Every structure is written in C-alpha cells, then in structure tokens.
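Here is the structure we will look at.
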Amino acid sequence: MTGVGRQHAKAVRILDGSGAFARPWMRQAFHTVPRQEFVPDTVWVWHAEDDRYHPLSRADDEERWTELVHHPTLPVVTQVDDGRPAPSDGTGELPTSSMSAANAVLTMLAATDPEPGSRVLHIGTGTGYDSALLCERIGGANLVTIEVDRSLAEAARERLHRLGYRPHVVCGDGEFGQPQDAPYDRVLCTASLSRVPYTWITQSAPGGRIVAPWKTTFQPAGLAVLTVDAGRRSASGRFGMPLTFMDLRGQRRPDNPLPRVYSTARWEESRHGTATLPPDFLDDFHARFALGLRLPGVHATRTPAPDGSPAWWLATDTSWAYLCAGETFQWGPRDLAGEAEQAHEWWLREGRPEVFDFGMTVDEDGQRTWLGAPDRPVA
15 MTGVGRQHAK AVRILDGSGA FARPWMRQAF HTVPRQEFVP DTVWVWHAED DRYHPLSRAD
75 DEERWTELVH HPTLPVVTQV DDGRPAPSDG TGELPTSSMS AANAVLTMLA ATDPEPGSRV
135 LHIGTGTGYD SALLCERIGG ANLVTIEVDR SLAEAARERL HRLGYRPHVV CGDGEFGQPQ
195 DAPYDRVLCT ASLSRVPYTW ITQSAPGGRI VAPWKTTFQP AGLAVLTVDA GRRSASGRFG
255 MPLTFMDLRG QRRPDNPLPR VYSTARWEES RHGTATLPPD FLDDFHARFA LGLRLPGVHA
315 TRTPAPDGSP AWWLATDTSW AYLCAGETFQ WGPRDLAGEA EQAHEWWLRE GRPEVFDFGM
375 TVDEDGQRTW LGAPDRPVA
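The numbering of the sequence shown is the numbering used here, which starts it at 15 and goes up by one.
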C-alpha cells in the first residue's frame, strides 16, 4: 500500500469510528474522489514560534505533505494572504483558503443532504474538492460552484475537468449567487459568514435548504441550517453542529480591536469593580455561543492570569474589560463586564441552552436569532 493509500485508510477508520459517513453515498464519494489531487504542491503550516504560516513543499517532504492532506480532522491551508505572502521571507500571516478537514466536509454534506439530480449552488469552491464530492451525488450539470478568487477558481476548474467533473465553475462574489441558473434546491456555503444574503433565499426553490457556517465576533463557530418558505420570502431554522471555516471574503471577521483600544495609560485610568462570573464562564462552548448572540460586536480573548487561572478580555472599538478572579478592570463608555454578567445570568435562567436550541430567521429586513422558536427573539 502506498503512503497515500495508508493515510486514506487511516482517515476512513477514524471517520467511520466517529460516524462521519451519515449517508452511504458520502462513503462512496469519499472513496472515489482522490483528495490529494485537489491540493497544490505547496501547502502552509502554522509555526507557533513566530505565529506565521510557512510553506511546505511536496517535493521537500512528501510524507508530511501526505499526512496533512489526508488528516481526517484538521484542515490544510492552501493559500495565505490572498495569494500574496510576505516577499521578504515567504511566510504568511492570514490563511485565506484551505482544504477543509474531512470530518467538517462530511458534516456539511450531511446537513445539505442533496438528492440525486437536485440543483445545488455552492459558495466557496476553494480547491474544488467539495464540488467533486457533490458531483458524485447530483451530477456536474446540476452544480453551480462560485469562487471569488480568480486564481483559485481557475485551478479548481482545471482539477475538476482533469478528473472528469464538469460543474459550472463561476468566478464571482458568492453573496450575489448565480441568478441566471436559479432556482436551487440547496445552497451550500463553505465559508464562514455573519450575515446570510437575502439573495440566496430568492434564488432558492420553495422548501429549499441553505447551509452555512455562521459566526459572531464573540464566537466564530456555528452552522445555520435554514429552510426556505413556500413564497421564497424568508428562511428559518436551527443551528447545527458548530464548524469553523475560512471567512467569506466580503464578510471577514474584524480584527480584535483590543490592541488598538488598550494602553498602559488607559489601564491606569480604568474602573475597578467586582463580578460574580465564574473564571471559566466562557470555556463552555454553548455558553460562549449564547453570549455571542447577546453581545454583538464584542470580541472575547482568553488569557492566563499571573496565577494560571483563566482571565478574559472583552473589547469593542471604544471599550475594553479585563475579568479575572472576580475582579474587573474597564475602560471606555461601555460596561462590558456588566453586559457579560447579565448575558451569562440570562443563559443560566434559560436552563443553559445549547447551540442546537437556538435558531435564526432571515428575510428582506435582515436576520434575527431566537431561542426555541421564532417568537422568542434572543435580543
């Protein structure tokens, strides 16, 4: 067995053990589509010592390259800095495209659940791998896949065609969809966003499904699974298994404003107070997701206190708060510690709801999150 064969077999065993192959067709497609054929010869690996991405060439270390490509639970970064890494040392700062982890891809496909012959709009072509899996299910003639980066779109089209897949590959902004090929039974976005475009609803068939990783500034992982109503005027549904993907280019998560608003002088000016929040109040993913819905635009950063206990920074463009061991230090017009405390108390009163208990409705007026049912808005 070749190195590729060994790594593929290992991935299948792990994915099988976790129940990742939710549908028989997904297993067959995973075996049929050669994952390594959709990855460029140079991938990017994060190095902790300088917090940057370094290139790894297949020619220099094929064994390591193969391990990365076939890892069942980790993505492999295929582009940094929109294809323009720093010329001085060739390293990259921001990952901008990747081959998604196999388990994440399978989770998205299970949530999308297209029927043979159904029409699918795929946002975020990337390497083209997800598109190939979809082609195995619905046929290339029924798939429109959109990629905003021209070089990525062209490379994906070439890979797909070389392997016999013929979807309609479009270079464009996926937020606008592809109206001339509508309506679609499924809209699958494999890039994280904070705002579901209304155009995806109007381009969907009645009863169609929209699947997209959804984020807040507070918590970058969620999965919106929405059903389009009969009149194609709104879509509503609950959040599913949380996943994190590369950001949609037009909806990149803003940088954490803390470095811009914090200074030693402002620490000296800060307001000291106390809070009843437990030190690990945001270590629970479900709590963090819920608080993110109640605190839009707030960024949260975990950091160890001098004694090793957890501490948290909360920040906006105008304010920051430091919470540690029941003490708070704040600067700016907002009482972020108080807001977080109120949001956490709300989560406790509601019975510690999980991400799956929350949902979202999108229409031409915008999007609204809710708990349990659309008539119970979160904020």
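Glycine included, every Cβ here is placed at the ideal spot set by N, Cα and C.
Fair warning: this is a prediction, and the values are worked out from it, not measured in the lab.
Closest by C-alpha distance to Ala205, out of Met113, Trp345 and Glu63, is Met113. Cβ-Cβ separation between Phe52 and Tyr179: approximately 11 Å, too far for a contact (criterion under 8 Å). In this structure, DSSP gives His45 a helical state, which the three-state scheme calls helix. The stretch 321 to 333 makes contact with the stretch 287 to 306; the number of CB pairs closer than 8 Å reaches 3 or more. The beta carbon of Glu359 lies closer than 8 Å to none in the same chain, with the five residues before and after it left out. Here Leu262 has Ala205 and Leu207 as same chain residues with Cβ atoms under 6 Å from its own Cβ, once five neighbours each way along the sequence are excluded. Pairing Arg27 with Thr141, the inter-Cα distance amounts to about 24 Å. When DSSP states are grouped into helix, strand and coil, Gly33 belongs to the coil group.
Under DSSP, Gly380 shares a beta bridge with Asp377. Val239 is positioned such that its CB atom lies closer than 8 Å to that of Arg252. Here Ala124 is not near Ser145, since their CB atoms are 8 Å or more apart. The shortest CA-to-CA distance from Asp95 to any of Pro271, Thr383 and Asp163 is the one to Asp163. Taking a contact to require three or more Cβ pairs closer than 8 Å, the stretch 145 to 158 and the stretch 57 to 66 do not qualify as touching. As a beta-bridge residue in DSSP terms, Gly106 pairs with Tyr67. If one requires a minimum length of 3 residues, the beta strand (DSSP E) runs lying completely within the stretch 293 to 325 are 313 to 318, in chain order. Separation of Glu368 and Gly386 (C-alpha to C-alpha, rounded to the nearest whole angstrom) is 10 Å. Distance from the CA of Glu355 to the CA of Leu82, rounded to the nearest whole angstrom, comes to 41 Å. A straight-line Cα-Cα distance of about 56 Å links Pro128 and Ala279. In the DSSP assignment, Tyr212 falls outside any beta strand (DSSP E) and lies within the alpha helix (DSSP H) extending over Tyr212 to Thr216. Going by DSSP, Thr121 is part of the alpha helix (DSSP H) stretching over Ala116 to Thr126.
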